[in-house]
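Notes for the one structure printed next.
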Amino acid sequence: TDVSNASRTLLMNLKTLAWDPELLKIFSVPAEVLPKIASSSEIYAHTSGVPGLPDGIPISGMAGDQQAALFGQACFDAGAAKCTFGTGSFILMNTGSKIVASRNKMLTTVAWKIGKKVSYALEGSAFIAGAAVQWLRDGLRTIDSAAEIESLAESVPDSGGVTFVPALVGLGAPHWRQEARGLIGGLTRATTRAHLARATLEGIAFLQYDILQAMAKDLGKKLKVLKVDGGASVNNLLMQFLADILRVDIVRPKMVETTGLGAAFLAGLAVGIWKNELDITKSWIKDRDFMPTLAPAAAKKQVERWQAAVKKA
Numbered sequence: 004t005d006v007s008n009a010s011r012t013l014l015m016n017l018k019t020l021a022w023d024p025e026l027l028k029i030f031s032v033p034a035e036v037l038p039k040i041a042s043s044s045e046i047y048a049h050t051s052g053v054p055g056l057p058d059g060i061p062i063s064g065m066a067g068d069q070q071a072a073l074f075g076q077a078c079f080d081a082g083a084a085k086c087t088f089g090t091g092s093f094i095l096m097n098t099g100s101k102i103v104a105s106r107n108k109m110l111t112t113v114a115w116k117i118g119k120k121v122s123y124a125l126e127g128s129a130f131i132a133g134a135a136v137q138w139l140r141d142g143l144r145t146i147d148s149a150a151e152i153e154s155l156a157e158s159v160p161d162s163g164g165v166t167f168v169p170a171l172v173g174l175g176a177p178h179w180r181q182e183a184r185g186l187i188g189g190l191t192r193a194t195t196r197a198h199l200a201r202a203t204l205e206g207i208a209f210l211q212y213d214i215l216q217a218m219a220k221d222l223g224k225k226l227k228v229l230k231v232d233g234g235a236s237v238n239n240l241l242m243q244f245l246a247d248i249l250r251v252d253i254v255r256p257k258m259v260e261t262t263g264l265g266a267a268f269l270a271g272l273a274v275g276i277w278k279n280e281l282d283i284t285k286s287w288i289k290d291r292d293f294m295p296t297l298a299p300a301a302a303k304k305q306v307e308r309w310q311a312a313v314k315k316a
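Using the numbering used here, you'd call the opening residue of the sequence shown number 4 and step up by one each time.
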């Protein structure tokens, strides 16, 4: 296995990048059953006898899915961050060579190791992102397809005072409240399914706001740019609202499936397809920027509305 995957077992020492004897003892895991820990980009083996593939193809890249997405977004510098939207959402921020022990309920992890250089990261995850849209489609049947939510939400200027806390399976980082439940507040007779659609997108964005605020406290500085990828990143309304409440630039690449791209970058780096991180950065192509357009005072009111609601979830 590689350092990024090994770091998720609770058995690897983040400093030594080796299986930790004390942790192995605590969890009663014999070292003999564990694999060798390798870097994230090197030739581990070659194909042999695999149906449909010629022998001799080097297997040369390995990483956890979110670390691969961070690499695929070319977030190589300390402070660079990305958010991957899937069923849930996952934010990773590169902390460079520094191991940041979070005091705000984030996960400290290895991002990758290339040669002798090790990069670390902070991670925060929300249990629900795209799953909230799926719930509108399959549970409430207010939309026929996930793609429909953007045009429906755009048909109203705002959520009409409706706030949706999508804690459908509890709340993840930084709240970590398994007992929390979803909440929809601010309903009136004037509320329509369009208002609920818009409130759903806003709720997804607010979950990212909470995570990034916690990361900012850990690092003592605010994020300036957030790269986004995954299915929901193609929703322009969601990305714009995220930029508005975060007060940062949101950048979406042309290739939004960056997890697979990152794995390819790591493998290609080991065999010389790309020479270095700078070479990879040149291969990363931007699709669109989303700049904050909401006035700071208005953004603050939106956040305060969310904070009042999430306490009740």
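Beta carbons are placed, not taken as given, at the ideal position from N, Cα and C, and that holds for glycine.
For G234, no alpha helix (DSSP H) segment is defined, and its DSSP state is neither H nor E. Assignment of I62 by DSSP, reduced to helix, strand and coil, places it in the strand class.
If you look at A132, you'll find it isn't in any alpha helix (DSSP H); DSSP assigns it neither H nor E.
The C-beta separation of L17 from S10 comes to about 6 Å, placing the pair in contact by the 8 Å criterion. According to the DSSP assignment, S162 belongs to no beta strand (DSSP E), since it is labelled neither H nor E.
Take G67, set aside five residues on each side of it, and the residues of its chain with a beta-carbon closer than 7 Å to its own are S7, N8, R11, in chain order. For the stretch 102-131, the continuous beta strand (DSSP E) assignments of 3+ residues that do not extend past its boundaries occur at 110-117, 120-129, in sequence order.
Here A84 really is in contact with C78; their C-beta atoms are around 6 Å apart, less than 8 Å. Secondary structure note for E45: its beta strand (DSSP E) is the uninterrupted segment 44-49. In the structure shown, K18 adopts coil according to DSSP, grouped into three states. Residue pairing for T87: DSSP places it in a beta bridge opposite F93, D232. The Cβ-Cβ distance between V165 and L199 falls below 8 Å. At least 8 Å separates the beta-carbon of K108 from that of Y123. Of all alpha-carbon atoms in V53, K120, S92, the one lying nearest the alpha-carbon of T98 is that of K120. Using a C-beta cut-off of 8 Å, the stretch 242-259 makes no contact with the stretch 22-40, since fewer than three inter-stretch Cβ pairs fall below that distance.
In the displayed model, T262 falls within a helix according to three-state DSSP. Proximity to P295 across T145, A193, L215, V228 peaks at V228, based on C-alpha coordinates.
When DSSP states are grouped into helix, strand and coil, T98 belongs to the strand group. Annotation: G275 to E45 spans about 11 Å, alpha carbon to alpha carbon. It is roughly 15 Å from the alpha-carbon of L226 to the alpha-carbon of L73.
Pairing L171 with A316, the inter-Cα distance amounts to about 10 Å. Between A176 and A217, the C-beta spacing is below 8 Å.
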